[in-house]
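Heads up: the structure comes next, in structure tokens.
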Amino acid sequence: MGIFSWLFPTEKDNIRRARRFIGRGEYAMARLVLEGVTSEEAIELRLHAQERLVDMNIQRARGDMVAGEFDEAAARLNLATEFADGLFNDELRAARRELREARAAARAAGAPKKEQPLRREQSAADARAHQPHSLGPGFKADPLYSLPPDDPRLRYALLLESYPAELRKRSLALGPDYAATVMAMADGDNLGAFHRLGDFVELDPVARFERARAALALGSLAEAVSDLEHLGRTLGHQRIGNMHTAVMLARVLWTVGQITKALDLIASARLREPDDLELAVVHAQLMESQGMLPQADAILVDLQKRAPRDQGVYRLLARVRLKGGDRDAARQALEAGLSNICTTPGKCGSRPPDVDSMRLLARLYLEDRLDEPRALELVQQVASSGAAWDWSDAYLQALLARNRGEPDLASRASALLRDIPSDDPRRRLVREQLGV
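Using the working numbering, you'd call the opening residue of the sequence shown number 29 and step up by one each time.
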């Protein structure tokens, strides 16, 4: 997989990413990457991620109730409601009833309430009391490589190594409490980190980058937009580690439907950083989404020269050309990518074969009844790659049967349509190509 391949994921890519997020307990991210993916498997995965998010926040809210953290519990139940999308109403009603009863019991007993709204400004001492671990006063003085590999000071120092020098300096100046909060996110405490970072964003806008990351992990897109926009105004959008803040913000804006704003942001960022390849890829994707196909094509042709061995660039270019109705040019883009990356047919050095490009190219040849030997070669390469059999492989076999005039076409088409939702675009494809 090329260094930008994650930027133009197929449906299967998104499903694989979602499964990895679910395996790590990052249910909000799993839900986000499955937005707009309509296959039955994706819908089931997204529902599972929703269910886990709701259940996780309800259970944590119950723990907060026991500890007397009633406003914290309310914040978690608000998150659960946001993730529920109108589902799980009985569970949420029961949890809110429990919260009301816990508040009433605390008042009756004369116990003090512990308040912690989402953006409450805590004192430094209060923030330290919530730290999962302390980096200690000797954080700056300890020699880096004398620390144990699991020492949080080492992990934080290695994280900052990838930051721009000015942001590294600003981050270190915020001290060990800030460092511990950032590392709490790495340990999965995104909600707690989000709360505690409120102390630091007023001290230095660099903390808004970390709070935006926490917000994204929680699925709080409006909070992420607010922090990333403030960061851009104060420190300028830039690459921090392996992330570019303009790309982060553009993708969230895109997700919430503010595509024109995302386009303007990326265009402005590219004027400042014309050599950043990731910005160019996202610019092309946004243009494609808006039907600006010639402009997207021009960006991707330039990217071919700058990243000649990244198959994702060729696959995205083929997709843009397909949308524009130029199937010949789409085939040429895919062939060029496979030729540049896999100099020997079926062998790509240490890279796994790009089965998505091979499937798409074989599909174009077979749908247009062109070069069956080349289509067969591609189908065989996919089969020998070890990739799991999926719907597209069955579709390719049906196209082969159609082109050869085999008699079982109707049964093949029926099998392809089985279990596909009524609004799935694959239904139209089957009807157009197989006449069913």
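Where a beta carbon is used, it is the ideal one built from N, C-alpha and C, also for glycine.
With a cutoff of 8 angstroms on beta-carbon distance, ALA243 and ALA252 are scored as near each other. Taking the C-beta atoms as reference points, ALA278 is found no nearer than 8 angstroms to LEU331. The continuous alpha helix (DSSP H) containing GLU129 extends over residues 117-137.
Under DSSP, the beta-bridge partners assigned to HIS272 are ARG267.
Counting the other CB atoms within 10 Å of its CB gives LYS40 a total of 16 or more, which places it among the buried residues. A residue is called buried when at least 16 other Cβ atoms come within 10 angstroms of its Cβ; PRO435 does not meet this threshold and is exposed.
About 4 angstroms separates the CB atoms of ALA245 and ASN218; that is less than 8 angstroms, so the two are in contact.
Annotated three-state conformation of ARG402 is helix, per DSSP.
The shortest C-alpha to C-alpha distance from SER190 to any of GLY51, HIS272, GLY414 and PHE116 is the one to HIS272. Between the alpha carbons of THR283 and GLU238 lies a distance of about 20 angstroms. Counting of Cβ neighbours within 10 angstroms places ASP382 among the buried residues, the total reaching 16 or more. A contact between stretches requires three or more CB pairs, one per stretch, nearer than 8 angstroms, and the stretch 330-346 meets this requirement with the stretch 385-401.
Linking SER367 to GLN409 through their CA atoms gives a straight-line distance of about 14 angstroms. By the criterion of a C-beta distance shorter than 6 angstroms, ALA324 is surrounded in its chain by ALA312, MET315, GLU316 and VAL348, once the five residues flanking it on both sides are discounted. Between the stretch 419-427 and the stretch 440-457 there are three or more C-beta pairs closer than 8 angstroms, enough to call the two in contact. From the listed residues SER413, VAL82, ARG198 and ALA193, the smallest Cα separation to ALA108 is found for VAL82.
Nearest in C-alpha terms to ARG359, of all of ILE327, ALA335 and LEU406, is LEU406. Assigned with DSSP and collapsed to three states, PRO204 falls in helix.
In the DSSP assignment, LEU291 falls within the unbroken alpha helix (DSSP H) covering 287-300. Taking each of LEU445, GLU54, ASP447 and ARG135 in turn and checking the Cα distance to GLY247, the smallest one comes out for GLU54. For TRP419, the three-state secondary structure derived from DSSP is helix. In the structure shown, the three-state DSSP call for SER67 is coil.
Annotation: ARG397 is outside any alpha helix (DSSP H) and is labelled neither H nor E by DSSP. Secondary structure note for GLY340: its alpha helix (DSSP H) is the uninterrupted segment 339-351.
For GLN318, no alpha helix (DSSP H) segment is defined, and its DSSP state is neither H nor E. Only buried fits ILE43, as 16 or more other CB atoms lie within 10 angstroms of its CB. Here ASP92 is buried. Its C-beta has 16 or more other C-beta atoms within 10 Å. Rounded to whole angstroms, ARG298 and LEU281 show a C-alpha spacing of 17 angstroms.
In the three-state reduction of the DSSP assignment, ILE448 falls in the coil class.
Boundaries of the alpha helix (DSSP H) harbouring PRO453: 453-462, taken from the DSSP string. Distance from the Cα of LEU344 is smallest, within the candidate group ALA361, GLY216 and ARG241, for ALA361. Between ARG125 and the set ILE86, LEU457 and LEU462, the nearest pair of CA atoms involves ILE86.
For VAL229, the uninterrupted alpha helix (DSSP H) segment begins and ends at 218-229.
Taking 8 angstroms as the upper bound for CB-CB distance, ARG90 and ALA56 are not in contact here, some 20 angstroms apart. Taking each of GLU68, ARG59 and ILE287 in turn and checking the Cα distance to ILE448, the smallest one comes out for GLU68.
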